[in-house]
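Read through the structure below, which is laid out as structure tokens, and then see the notes.
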Amino acid sequence: MKQPILFRRDDVLDHEQARYWKDLLYRTLKIGTEVEFAMPKGVRKNDLMPLLWEALQPTKDLGHLGRYGVLDVISEHCGIEIQVIGRQPYYAALRQQYQELFALLPEGIRARPTCGLHYHVLGVGLCEAVPEIVLANIWNLTRRYAPELRFLSSAGEGMAALCRRRNHTSHLEMVKHSPALHRMAQIQQFLKESRQVPEHQNFMNLEHLRFDEPGDVVDFHLEFRFPDADLSPTSIVAKTFLFLALVLKSVDMSQYGVIHVGKIREWRRKIELLDLLSNNEGKLATSDTSGIGPDEIEELRVGARELLELLKPAFVRLARVAGDSSEEHPAFEVLSLLAETPISLLRSRGRDWVEVEALLAERAETPVGLLDPTELKLMRCIELAELSGCPGLESWKWQVAQELFLTPRELEQRLDKLDRLRGLRWDLQLGTMVFTS
């Protein structure tokens, strides 16, 4: 990865502050979505809405997840919008939630260019102000990699229309305002007062934030508006983790300063790529991306790889926290595929949404984490301390091997696997093995 340029600030976090904020934000941030889609052909919205309400059981309460995690189902200009409540970032639970949700939607729903996919990052229950430098890094990381983010999340169906039009996800104001020159509260005000871009239609929307007198963030609520409409549960979940990783990486960066968008020539090229990807020149609510050729696609791929390389430590941490035996997070695998071949390129080559979902789901599979029935019994034995009071480790192993009909070698192999998955240690007082996580 290229060495990022950082500009120094007086409000950098020390190491302990950074550890604290990463842990706190991981525990409190909830990332919800607004999933938009067009009606199936021949179906009237007024006929479908009551059926969706009955099936999805929206709670209208951010504090109540409900059966499918749906906050509300509303009519949108493009068709219908499903507002999905954010929850603790555990990959398997999120993927199951979105799979169940999409299974209840009628066949034939369409991801038209008038539709989008918005991600809301909320600090639910966060009772203290987030340091402004963290927000400054989120803002500048998004600016620095804006073309790559737009490319990775594109879902059009033709090479000349890779993305929807710029109108509802405009970068025109975002590229102007740097935290090197202004505080984030001032940048929020610039976006509010803009005559060029309505405040809520910015690439990254800051309108929901509230700042205290020193300039820190007391109501943490960001909206990323640039992803195109998406009918793949695996893709939607992967991008949820993309935004979480971006926030956690921003905390890390805040120990050293604020990341810069790059040197002048590089930054101008980024804006050129953004203009090529996201504009109002296409037909039927699309961007005209006919200026994106093989050279530009390779340029965007290189930048997307650089972004994921920068975020990789955050994904490793997410995998460890989830108790995976591998440090490879399923969402990172999916994003790595999308960085090379976003949904727009897959659709332009003739793949439908069923095929897209199958491809991404296959990439997300991590069979190293699966446990066979004997390993599940061994886990239960340790979890519930079923064989405690043993005088030593070898005695415990001998009893467990007999109980599970395993040879000493087979037992060691399974203990090694559980050690990678959960961590193991011998507890002298209990006379048994215990998990460390």
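All letters in the sequence shown, in the order written, are residues 4 to 440 by my numbering. Positions of the beta carbon are idealized from the N, C-alpha and C atoms, including for glycine.
Quiz item: Quick one: is K286 buried, meaning 16 or more other Cβ sit within 10 Å of its Cβ, or exposed?
Solution: On the sequence shown, residue 286 is found 283 positions in, with the first residue counted as 1. Under this definition K286 is an exposed residue.
Practice problem: Within the same chain, show all residues whose beta-carbon is closer than 7 angstroms to that of R12, passing over the 5 residues directly before and after it, in chain order. | Solution: Position 9 of the sequence shown, counted from the start, is the residue given in the question as residue 12. Once the five neighbours on either side are set aside, the close Cβ partners of R12 are I136, G260 and V261.
Exercise. Give a yes or no on whether 7 angstroms exceeds the smallest Cβ distance from T377 to chain D.
Key: Here there is only one protein chain, and chain D is not present.
Quiz item: Rounded to a whole number of angstroms, what is the C-alpha to C-alpha distance between P394 and R425?
Solution: Counted from its first residue, the sequence shown places residue 394 at position 391. Counted from its first residue, the sequence shown places residue 425 at position 422. Taking the straight line joining both Cα atoms gives about 24 angstroms.
Quiz item: What first and last residue would you give for the alpha helix (DSSP H) that runs through Y23?
Solution: Counting from 1 along the sequence shown, the entry for residue 23 is found at position 20. Y23 -> alpha helix (DSSP H) spans H18 to T31.
Quiz item: Tell me which same chain residues have a C-beta within less than 6 angstroms of the C-beta of I190, skipping the five on either side of it?
Solution: Sequence index remark: in the sequence shown, residue 190 carries index 187 (1-based). So the list reads H180, once near-sequence residues are dropped.
Quiz item: In angstroms, rounded to a whole number, what distance separates the CA positions of R213 and D64?
Solution: Position 210 of the sequence shown holds residue 213. Position 61 of the sequence shown holds residue 64. The straight-line gap from Cα to Cα measures roughly 21 angstroms.
Practice problem: Determine the contact status of S157 and S347, defining contact as a CB-CB distance below 7 angstroms. | Solution: Along the sequence shown, one-based indexing puts residue 157 at 154. Along the sequence shown, one-based indexing puts residue 347 at 344. A contact, by the Cβ cut-off of 7 angstroms.
Quiz item: At which residue ranges does the segment 159 to 241 contain complete beta strand (DSSP E) runs of 3 or more residues, listed in the order of the chain?
Solution: Listed in chain order, the complete beta strand (DSSP E) runs (minimum 3 residues) inside the segment 159 to 241 are 220 to 222 and 224 to 227.
Practice problem: Pull up the CB-CB distance for H263 and L9, whole angstroms please, since I reckon it's below 8 angstroms. | Solution: Your numbering for residue 263 matches position 260 in the sequence shown. Your numbering for residue 9 matches position 6 in the sequence shown. Yes, they are in contact, since the Cβ atoms of H263 and L9 sit about 6 angstroms apart, within 8 angstroms.
Quiz item: By Cβ distance below 7 angstroms, which residues in the same chain neighbour R153 in space, the five residues on each side in sequence not counted?
Solution: Locating residue 153 in the sequence shown gives position 150, where the first residue counts as 1. Counting only Cβ-Cβ distances below 7 angstroms, and skipping sequence neighbours, we find C166, F229, L277, L280 and S281.
Quiz item: Name the DSSP bridge partner or partners of W429?
Solution: Position 426 of the sequence shown, counting from 1, holds the residue named residue 429. Paired residue(s): M436.
Quiz item: How is L9 classed by DSSP in three states: helix, strand or coil?
Solution: Your numbering for residue 9 matches position 6 in the sequence shown. L9 falls in the strand class under three-state DSSP.
Exercise. Determine which residues share a DSSP beta bridge with R113 and list them.
Key: One-based indexing of the sequence shown puts residue 113 at position 110. For R113, which the question treats as bridged, DSSP gives the partners A41.
Self-check item: Buried/exposed call for K44, threshold 16 Cβ in 10 Å
Solution: Residue 44 sits at position 41 when you count from the first residue of the sequence shown. By the 10 Å Cβ count, K44 comes out exposed.
Quiz item: In chain order, which continuous runs of the alpha helix (DSSP H) of length 4 or greater are located wholly inside the segment 341 to 403?
Solution: Listed in chain order, they are 346 to 351, 356 to 367 and 376 to 386.
Quiz item: In angstroms, rounded to a whole number, what distance separates the CA positions of M187 and L125?
Solution: Taking the first residue of the sequence shown as position 1, residue 187 is located at position 184. Taking the first residue of the sequence shown as position 1, residue 125 is located at position 122. Their Cα atoms are separated by approximately 17 angstroms.
Exercise. With a threshold of 16 other CB atoms inside 10 Å of the CB of C118, please say whether the residue is buried or exposed.
Key: Walking along the sequence shown from the start, residue 118 turns up at place 115. Result: buried.
Quiz item: Is the segment 65 to 85 touching the segment 38 to 55 in the sense that three or more CB pairs, one from each, lie closer than 8 angstroms?
Solution: yes
Practice problem: Using only the heavy atoms of the ligand ADP, determine whether one of them is closer than 6 angstroms to the beta carbon of R90. | Solution: No copy of the ligand ADP appears in this structure; indeed no ligand is present at all.
Quiz item: To the nearest angstrom, how far is it from the Cα of D222 to the Cα of H211?
Solution: Taking the sequence shown and counting its residues from 1, the one referred to as residue 222 is at position 219. Taking the sequence shown and counting its residues from 1, the one referred to as residue 211 is at position 208. Whole-angstrom Cα-Cα distance: 7 angstroms.
Quiz item: Would P370 be called buried (16 or more neighbouring beta carbons within 10 Å of its own) or exposed?
Solution: The residue labelled residue 370 in the question sits at position 367 within the sequence shown. With a pLDDT of only 46 at P370, under the threshold of 50, the placement of this residue in the model should not be trusted, and no figure is reported.
Self-check item: Burial state of R383 (16 or more Cβ within 10 Å)
Solution: Counting from 1 along the sequence shown, the entry for residue 383 is found at position 380. Exposed: under 16 other Cβ atoms inside 10 Å.
Quiz item: If you draw a straight line from the alpha carbon of S409 to that of L374, how long is it in whole angstroms?
Solution: For the purposes of this step, residue 409 is identified with residue 406 of the sequence shown, where counting begins at 1. For the purposes of this step, residue 374 is identified with residue 371 of the sequence shown, where counting begins at 1. The residue asked about is misnamed: residue 409 is Leu in this sequence, not Ser. One C-alpha to the other measures close to 16 angstroms.
Quiz item: G126 bridges to which residues according to DSSP?
Solution: Looking up residue 126 in the sequence shown gives position 123. Answer is L32, bridged to G126.
Self-check item: Simplified DSSP state of G82, which is helix, strand or coil
Solution: In the sequence shown, the residue the question calls residue 82 occupies position 79. Strand.
Quiz item: Can you name, in chain order, every residue of its own chain whose Cβ lies under 8 angstroms from the Cβ of P150, other than the five neighbours on each side?
Solution: By one-based count along the sequence shown, residue 150 stands at place 147. Contacts found: K273, L276, L277, L280, L303 and G306.
Quiz item: Buried or exposed: W399, going by 16 or more other Cβ atoms within 10 Å of its Cβ?
Solution: The sequence position of residue 399 within the sequence shown is 396, counting from 1. The residue in question, W399, is buried, as its Cβ has 16 or more Cβ neighbours within 10 Å.
Quiz item: For the alpha helix (DSSP H) that G306 lies in, which residues bound it at each end?
Solution: By 1-based counting over the sequence shown, the position of residue 306 is 303. It spans P297 to V324 - the alpha helix (DSSP H) in which G306 sits, taken as one unbroken run.
Self-check item: K48 versus C81, V357, T145 and V220, residue with shortest Cα-Cα distance
Solution: By one-based count along the sequence shown, residue 48 stands at place 45. The option with the nearest alpha carbon to K48 is C81.
Quiz item: From which residue to which residue does the alpha helix (DSSP H) around L108 run?
Solution: Your numbering for residue 108 matches position 105 in the sequence shown. That residue, L108, is in no alpha helix (DSSP H); it is neither H nor E in DSSP.
Quiz item: From which residue to which residue does the alpha helix (DSSP H) around D278 run?
Solution: Mapped onto the sequence shown, residue 278 falls at position 275. Per DSSP, D278 belongs to the alpha helix (DSSP H) from I267 to L280.
Exercise. Could you pull out every residue in the same chain whose Cβ sits closer than 7 angstroms to the Cβ of A445, ignoring the five residues on either side in sequence?
Key: In the structure displayed, the chain extends from 4 to 440; residue 445 sits before or after that span and is not available.
Quiz item: Just how far apart, CA to CA, sit N170 and N208?
Solution: The residue given as residue 170 occupies position 167 in the sequence shown. The residue given as residue 208 occupies position 205 in the sequence shown. Between N170 and N208, the C-alpha separation is close to 13 angstroms.
Quiz prompt | Residue from W429, T435, K420 and R412 with nearest C-alpha to S391 | solution = Indexing the sequence shown from 1 puts residue 391 at position 388. The option with the nearest alpha carbon to S391 is T435.
Quiz item: Going straight from the alpha carbon of L16 to that of D26, what length do you get?
Solution: Translated into the one-based positions of the sequence shown, residue 16 becomes position 13. Translated into the one-based positions of the sequence shown, residue 26 becomes position 23. Spanning the two alpha carbons is a distance of roughly 14 angstroms.
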